[in-house]
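Taking my numbering, the leading residue of the sequence shown gets 84, the next gets one more, and so forth.
Backbone N, C-alpha and C fix where the C-beta goes; we use that ideal spot for every residue, glycine too.
Step one of this worksheet: look at the structure below.
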Amino acid sequence: MIMEAYKQRYLEWLASDVVDEDTKAELRAIEGNEDEIKFRFDSYMEFGTGGLRSKMSAGCAMMNVYTVAQATEGVARAIESLGGNEKERGVIIGCDSRNNSALFARRCAEVLTAHGIKVYLFDELRPTPMLSAGVRHFGCIAGINITASHNPSAYNGYKLYWEDGAQPTKDMADHVSNFIYSTDILNDVPARDKADESLITMVGAEFDEIFMNNVIGEQVYPDVIGRAADELHVVYTPLCGAGYRIVPEVLRRIGVKNLHPVDCQMTPDGNFPGLAKPNPEYPAAFAEGIKVAAQYDSADLIVATDPDCDRVGVMARDKSGEF
């Protein structure tokens, strides 16, 4: 009797010396549950212009250190295939506040440096636009951001950016995808001890200043906020995500005097407590912000950014005073 491919993959993970014991324990816990095993091992995440995204758990169809490493191995091989000085140009890596994001970002750096590819690694979570800007600022061939944007907390994802700071074209995404899926997830990816730490440059406060100055330089009417600053009251929430530090600083620097943070959502937290979907497109995401605004009769706006801070929603009062 021929064993189903998904069951074969499941048994290979259990038998592999590469797979850690915690992951194996998770897999043993689903032994006999054919539906769950098939769900996790029947296919691989599809890599496209938007990268990868899935729930975090063990299995080749899920987000975990093994699938992240396989994707990065594909990126590394694609960069090597281009020739030239692309390895010296390097890859910048960032992440958001989601559970395991920093771990996944670090694993990306390990795989890339094992190939002799220079890495710029943010020293903590940053907004996605900073990753895009960093690709161009440092002249990188690519960028990797670990994020699932505004999805629920069970999810994480892997976004690839190319040398122009945008996500890759379909042709380039297909090129990378071919390398990913020709790579054996358990046997073809460099082990963690193969990383070359000397190729990692940490990116910190100096680049924050460069980025914020560029953002501030994009104001269309730079004098407007200053004229209204005494009366203007703004409530801000990062929804427990990456905007918690940079956004308030930019708002202050452009002249917002009365900035009211939503304290219970200002600390990065991948569990997004109280937020079924941390998406500022949904009014429900503003519930805590409305509570803060209620403390200030003159509050004019509530601004919310999603966990990787590339999406913004705004609420304003109507004629009746409701948001």
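Based on DSSP bridge pairs, tell me the residues matched to residue i.
i, result
"residue 56", "In the structure as shown, the chain begins at 84 and stops at 406. Residue 56 is therefore absent and cannot be evaluated."
"residue 177", "228"
"residue 384", "317 and 399"
"residue 155", "Note: residue 155 sits in no beta bridge, so no partner."
"residue 135", "241"
"residue 286", "205"
"residue 146", "139"
Determine the closest residue to residue i out of the options, with distance taken between C-alpha atoms.
i, options, result
"residue 194", "159, 171 and 179", "159"
"residue 251", "188, 202 and 225", "225"
"residue 238", "326, 268 and 361", "361"
"residue 243", "266, 176, 284 and 203", "176"
"residue 103", "149, 184 and 221", "149"
"residue 191", "272, 133 and 217", "272"
"residue 320", "310, 281 and 349", "349"
"residue 353", "378, 116, 105 and 183", "183"
"residue 139", "181, 111 and 94", "181"
"residue 284", "401, 304 and 201", "201"
"residue 97", "90, 88, 89 and 107", "107"
"residue 155", "328, 259 and 141", "259"
"residue 287", "206, 118, 178 and 121", "206"
"residue 92", "105, 115 and 121", "121"
"residue 369", "143, 164, 322 and 301", "322"
"residue 196", "274, 267 and 253", "274"
"residue 480", "143, 305, 379 and 330", "Outside the displayed span of the chain (84 to 406) sits residue 480, for which this structure offers no information."
"residue 157", "188, 198 and 125", "198"
"residue 90", "105, 117 and 101", "117"
"residue 356", "112, 295 and 390", "390"
"residue 95", "115, 124 and 405", "124"
"residue 151", "396, 227 and 403", "227"
"residue 430", "401, 397, 87 and 170", "Nothing about residue 430 can be reported from this structure: the residues present for the chain run from 84 to 406 only."
"residue 218", "174, 405 and 300", "174"
"residue 153", "101, 289, 119 and 404", "101"
List the whole-angstrom C-beta distance separating residue i from residue j, where the pair is believed to meet the contact cut-off of C-beta under 8 Å.
i, j, result
"residue 337", "residue 308", "5 Å"
"residue 365", "residue 264", "Residue 365 to residue 264, Cβ: 35 Å. No contact."
"residue 359", "residue 210", "At roughly 23 Å, the Cβ-Cβ gap does not stay under 8 Å, so residue 359 and residue 210 are not in contact."
"residue 240", "residue 135", "6 Å"
"residue 347", "residue 371", "6 Å"
"residue 110", "residue 141", "5 Å"
"residue 208", "residue 179", "5 Å"
"residue 229", "residue 188", "5 Å"
"residue 276", "residue 329", "So it is not a contact: roughly 35 Å between Cβ atoms."
"residue 327", "residue 351", "6 Å"
So, at 7 Å on beta carbons, what are the nonlocal neighbours of residue i in its own chain, with the 5 sequence-adjacent residues on each side left out?
i, result
"residue 381", "314 and 316"
"residue 161", "258, 259 and 262"
"residue 293", "220"
"residue 379", "316 and 343"
"residue 302", "337"
"residue 299", "333, 336 and 337"
Which residues in the same chain have their Cβ closer than 6 Å to the Cβ of residue i, if we skip the five residues on either side of it in sequence?
i, result
"residue 246", "224"
"residue 256", "131 and 132"
"residue 99", "269"
"residue 376", "318, 382 and 385"
"residue 137", "128, 145 and 146"
"residue 172", "222, 223 and 224"
"residue 367", "none"
"residue 398", "369, 385 and 406"
"residue 213", "294"
"residue 115", "none"
Less than 8 Å between C-beta atoms, sequence neighbours within five positions excluded: which residues of the same chain meet that for residue i?
i, result
"residue 394", "232, 233, 362, 363, 364 and 388"
"residue 339", "308, 312, 315 and 317"
"residue 297", "216"
"residue 280", "196"
Residue i CB to nearest chain C CB: under 8 Å?
i, result
"residue 152", "Reference to chain C is not applicable here, since this structure consists of a single protein chain."
Run the proximity test for residue i: is its beta-carbon closer than 7 Å to any non-hydrogen atom belonging to the ligand NAD?
i, result
"residue 211", "Ligands are entirely absent from the displayed structure, and the ligand NAD is therefore not among its contents."
Inset, instruction - Could I get the ranges of all uninterrupted beta strand (DSSP E) runs contained in the stretch 183-215, with 3 residues as the minimum, in chain order? - result: Runs of the beta strand (DSSP E) inside the stretch 183-215: 202-205.
Legend entry - Within the stretch 206-267, ranges of the alpha helix (DSSP H) (whole runs, at least 4 residues): Entirely contained in the stretch 206-267, the alpha helix (DSSP H) runs reaching 4 residues are, in chain order, 211-220 and 253-264.
Inset, instruction - Identify every run of the alpha helix (DSSP H) within the stretch 94-128, keeping only runs that are complete inside it and at least 4 residues long; order them along the chain. - result: Fully enclosed alpha helix (DSSP H) runs of 4 or longer: 104-111 and 117-124.
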